[in-house]
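Going by the numbering used here, the letters in the sequence shown line up with residues 1 to 149, in that order.
For each residue, glycine too, the CB sits at the ideal point set by N, CA and C.
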Amino acid sequence: MAHELGVPYQRIAEWRRRDTDVANAKRTVLRAAAKYLGVPPMFVFCLAGIVTVEDVMYPPESPMSERVKKALAAMRRDPAWAGFCPDALMSADHEVQRLVALLYQELRGPSESRPAREEEWMLAIHRAALGDARAQTDLDEYGKGKRER
1 MAHELGVPYQ RIAEWRRRDT DVANAKRTVL RAAAKYLGVP PMFVFCLAGI
51 VTVEDVMYPP ESPMSERVKK ALAAMRRDPA WAGFCPDALM SADHEVQRLV
101 ALLYQELRGP SESRPAREEE WMLAIHRAAL GDARAQTDLD EYGKGKRER
């Protein structure tokens, strides 16, 4: 593995012991690691902490607490889900509320404010990098907010 990454074995050992932070590695080394592992470089960059999930998501329109309240309010108004939304949910732990809001939004599907799941466009980027012609069209549609499930 050290040979494939172009680093001495000692460097691999330092990373394993966490004596040296892999985030300090050159991008060429991280790209070689991605190739070695057979994954997109972005995954390795995320694991190294160079890129975070927030870096590849649409910027939030409002704070998380506001978005959770809106999602739960929408759930309480939704005829298909209102009966499953107990009053206790409104005073539940914030983490529980976030989980319920996320699950509700995923089950409800895309909307104008959230046209497609974030991982769908990330997969389209990967497919486009591999030469998939349809992927570029998908990316263009995601950018315009027109992509439907």
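Do residue j and residue i count as a contact pair if the criterion is CB distance below 9 Å?
i	j	result
A101	R127	no
A25	E4	no
G6	A23	no
S62	H94	no
D78	R108	yes
State the Cα-Cα distance for the pair residue i and residue j, rounded to the nearest angstrom.
i	j	result
A135	Y36	24 Å
E155	M75	In the structure as shown, the chain starts at 1 and stops at 149, and residue 155 therefore has no counterpart that could be examined.
Q10	L30	16 Å
R18	V39	22 Å
A92	A80	21 Å
T137	I125	11 Å
A88	D21	44 Å
Please classify residue i as buried or exposed, where buried requires at least 16 other C-beta atoms within 10 Å of its C-beta.
i	result
M90	exposed
A73	exposed
F84	exposed
A71	buried
V44	buried
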